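Below: the structure, in structure tokens.
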Amino acid sequence: MITIDALTKRYGGYTAVDHISFTAEAGRVTGFLGPNGAGKSTSMRVMVGLTEPTSGSATVLGRRFADLPNPGREVGVLLDASAQHAGRTGREILTLAARTIGMPKSRVSEMLDLVSLTEEEAGRRVRNYSLGMRQRLGIAAALIGDPEVLILDEPANGLDPAGIRWMRDLLRRFADDGGTVLLSSHLLHEIEVIADDIIVIGNGEIVAGGTKEELLATAGTLVRAEDSVALAAALTEAGITVHPSGSDALRAESDLAAVGRAAFAAGIPVTELRAADGAGLEEIFLELTAQTQREGVAA
Amino acid sequence: MNASTSTATPTVTTAPVTTEPPAVRRPRAEVAPIPFTRVLGVELRKMFDTRSGFWLMASIVILSVVATGATIIFAPEADLDFESFASAIGIPMSVILPIIAILSVTGEWSQRTGLATFTMVPSRSRVIAAKWLLTVAVGVAGMAIALGVGALGNLIGSSIAGVDVVWNVSAREFAQIVLANSIGMLMGFTLGVLLRSSAAGIVGYFVYSLVLPGVSSALASNQQWWADHGAWFDLNMATYPLYDTALTSEQWAQLGVTAGIWLVLPMLVGLWAVLRSEVK
Ligand SMILES: Nc1ncnc2c1ncn2[C@@H]1O[C@H](COP(=O)(O)OP(=O)(O)OP(=O)(O)O)[C@@H](O)[C@H]1O
Ligand SMILES: [Mg+2]
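Protein sequence lines, in the order shown, are assigned to chains A and B. For the first sequence, position 143 (counting from the first letter as 1) is numbered 143 according to the working numbering, and the numbering increases by one without interruption. Count along the second sequence starting at 1, add 1000, and that's the number in the working numbering.
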């Protein structure tokens, strides 16, 4: 379990992480979602003691990370797969990790197998690794201590589709075994398919958080009519808040029945009426981070 | 076991903390802390496990062989004694050893390996302490090897020239040379901790070892006070006597004071900065 309490990190006058609090529970995959520069990596660095917070605290398994007797055995960390000595071989990097945290040598080959790096590839120097190979090596290093908690910054970065699928299954199994997984991403789809809980961060602040179902539920109903202006007016009349969605559809903050009834009462034929899941979460993401998004809300 | 964590379960709880019953965790033994000897072992391995690191270490042997060969070839017969070999080898050692010391620290930042190192061993001072001890050990071992090569050169050179083998370096002199080189190495180490950049550390070391002595002697020739008292402040000046005479107690005191000024104080500042700095 990871507990973040009122965590703030300032760089000079700039607040990179602004008073965030959340919990990543054991047995669940928690997605940490936010646009570029939102403060995800900064928060994660604070969690593992690489960055001192300005105020607030982060604990892992009830203790400050630095107070864990042998953190590599309890917490697997992948912050930046490219932060390795380019002149070391992949096998050597895992060997150093295994030795440091006191895992048997056999663990290195097991981990290489797990992340599908061949013997030959493991003998290559990391400078000659592809992006995805580095990422696999980073995941192997995170898992080598058989940890209870995983803290992964953009772990899917550079993985091919099969690799992403593999990682998703791996994290699912890890959480089902009672482990805690916190993974960050700026890709909504990625988080949506893996995570049980989602924390959305924008401009250093948490803008939404909860189970995926909750966030999907708040997405409401997607409704479409030939005359979307009239439909919007009718729904607003009925006391339902609507937001434009896509080019001509509306997302209504209400359930299917209420929206359908309102449209029927106004005599407007709807051409589409469904729960705004999936696409809805994306909109939430864009909306929630609207103020912080570099491009503003996409039309 | 698996507490219904399936994504399809429509559990609605208050955000952001979820209140599902936590899944049963695998039972785990309390983990033992990482012993310091293990940090030492891993740090030692890191000095050798890259091509650049390996060749840096190998260069201790290579350069002593080159310096020894050059002495055999170029030194006049009358000078073919152990001292000539020792001083010929001493020159490359005084360059290579501090560089090894600097890179052992700055590599964690310039190669970004610190991200992994300080995540696995959050106590940064332990890592730095291990590196410091290894630096001293590598320095002493390196100089022992270098002088071994020199001794071999002395035997071979003398037999080629057909002169008697002269062993004119006493154990005390050898110990003082080792100490002088260790001080140079630790100066490099201190600069590495203080600057955390390979280039800055190496430039800093050459400023210390090549530029400052010139400045200091220019000052000494103009300022009698500095000529008399400089050895209380200038580590270079305090180190010179180690290369020739037995030190007086005043010279030992000067060495102690300057080492405090140049090695201990900057080290404390550097450590303080390392402990606070952001590793990324
Ligand atoms: N040392 C620093 N000094 C000043 N600003 C910093 C420093 N480190 C990070 N920042 C700023 O903090 C903000 C958050 O950065 P962070 O790396 O946490 O973003 P992120 O959410 O991980 O983004 P991405 O999705 O692009 O990885 C950025 O605006 C960044 O420029
Ligand atoms: Mg990031």
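From the three backbone atoms N, C-alpha and C, an ideal C-beta is built for every residue, glycine too. No experiment lies behind these values; they were computed from the predicted model shown.
By how many angstroms is the C-alpha of residue j removed from the C-alpha of residue i?
{"i": "B:I1160", "j": "B:A1146", "result": "21 Å"}
{"i": "B:P1282", "j": "A:T3", "result": "Because chain B spans 1001 through 1280 in this model, residue 1282 of chain B falls outside it and cannot be assessed."}
{"i": "B:G1184", "j": "B:I1091", "result": "12 Å"}
{"i": "B:S1110", "j": "B:V1279", "result": "11 Å"}
{"i": "A:R274", "j": "A:A249", "result": "11 Å"}
{"i": "A:E119", "j": "A:D160", "result": "20 Å"}
{"i": "A:R63", "j": "A:D153", "result": "21 Å"}
{"i": "A:V126", "j": "A:P147", "result": "24 Å"}
{"i": "A:G49", "j": "B:P1033", "result": "17 Å"}
{"i": "A:G267", "j": "A:T236", "result": "14 Å"}
{"i": "B:R1051", "j": "B:R1045", "result": "12 Å"}
{"i": "B:M1093", "j": "B:G1192", "result": "18 Å"}
{"i": "A:H243", "j": "A:D80", "result": "38 Å"}
{"i": "A:R134", "j": "B:S1209", "result": "40 Å"}
{"i": "B:Q1254", "j": "B:T1248", "result": "10 Å"}
{"i": "A:D255", "j": "A:W166", "result": "36 Å"}
{"i": "A:G300", "j": "A:L187", "result": "Chain A is shown from 1 up to 299; residue 300 of chain A falls before or after that span and cannot be answered."}
{"i": "A:S247", "j": "A:A238", "result": "23 Å"}
{"i": "A:H85", "j": "A:G145", "result": "20 Å"}
{"i": "A:E214", "j": "A:F174", "result": "23 Å"}
{"i": "A:N203", "j": "A:F22", "result": "16 Å"}
{"i": "B:S1217", "j": "B:M1237", "result": "9 Å"}
Does any C-beta atom of chain B lie closer than 9 Å to the C-beta of residue i?
{"i": "A:H85", "result": "yes"}
{"i": "A:G34", "result": "no"}
{"i": "A:F285", "result": "no"}
{"i": "A:G31", "result": "no"}
{"i": "A:N70", "result": "yes"}
{"i": "A:A6", "result": "no"}
{"i": "A:T59", "result": "no"}
{"i": "A:V48", "result": "yes"}
{"i": "A:I2", "result": "no"}
{"i": "A:G90", "result": "no"}
{"i": "A:F264", "result": "no"}
{"i": "A:L96", "result": "yes"}
{"i": "A:I93", "result": "yes"}
{"i": "A:L79", "result": "yes"}
{"i": "A:T100", "result": "yes"}
{"i": "A:A66", "result": "yes"}
{"i": "A:T51", "result": "yes"}
{"i": "A:R45", "result": "yes"}
Can you determine whether any heavy atom of ligand 1 sits closer than 8 Å to the C-beta of residue i, and answer yes or no?
{"i": "B:P1122", "result": "no"}
{"i": "A:S184", "result": "yes"}
{"i": "A:S43", "result": "yes"}
{"i": "A:P35", "result": "yes"}
{"i": "A:A140", "result": "no"}
{"i": "B:E1278", "result": "yes"}
{"i": "A:I201", "result": "yes"}
{"i": "A:G204", "result": "yes"}
{"i": "A:G12", "result": "yes"}
{"i": "A:V48", "result": "no"}
{"i": "A:A81", "result": "no"}
{"i": "A:V17", "result": "yes"}
{"i": "A:A58", "result": "no"}
{"i": "A:A38", "result": "yes"}
Counting contacts by CB-CB distance shorter than 9 Å, is residue i in contact with chain A?
{"i": "B:M1322", "result": "In this structure chain B extends from 1001 to 1280, so residue 1322 of chain B is not present and cannot be described."}
{"i": "B:R1126", "result": "no"}
{"i": "B:R1045", "result": "yes"}
{"i": "B:P1098", "result": "no"}
{"i": "B:S1198", "result": "no"}
{"i": "B:I1177", "result": "no"}
{"i": "B:V1203", "result": "no"}
{"i": "B:I1060", "result": "no"}
{"i": "B:E1077", "result": "no"}
{"i": "B:S1064", "result": "no"}
At least one CB of chain C closer than 9 Å to the CB of residue i: is that the case?
{"i": "B:T1106", "result": "Judged by its chain identifiers, the structure shown contains no chain C, and its protein chains are A and B."}
For ligand 2, which residues have a Cβ under 6 Å from at least one heavy atom, in chain order?
A:K40, A:S41, A:D153
Kindly provide the ranges of any alpha helix (DSSP H) runs that are 4 or more residues long and lie completely inside the region 1107-1157 of chain B, ordered along the chain.
1114-1120
Please specify which runs of the alpha helix (DSSP H), each continuous and at least 4 residues long, are wholly inside the region 11-71 of chain A, giving them in chain order.
40-47
If you scan the region 208-291 of chain A from start to end, which runs of the alpha helix (DSSP H) of 4 or more residues do you find wholly inside it?
212-217, 228-237, 256-265, 279-288
What are the uninterrupted segments assigned as alpha helix (DSSP H) that are 4 or more residues long and contained completely in the region 1230-1257 of chain B, given in chain order?
1235-1239
Which runs of the beta strand (DSSP E) at least 3 residues long sit entirely within the region 91-156 of chain A? Give them in chain order.
149-153
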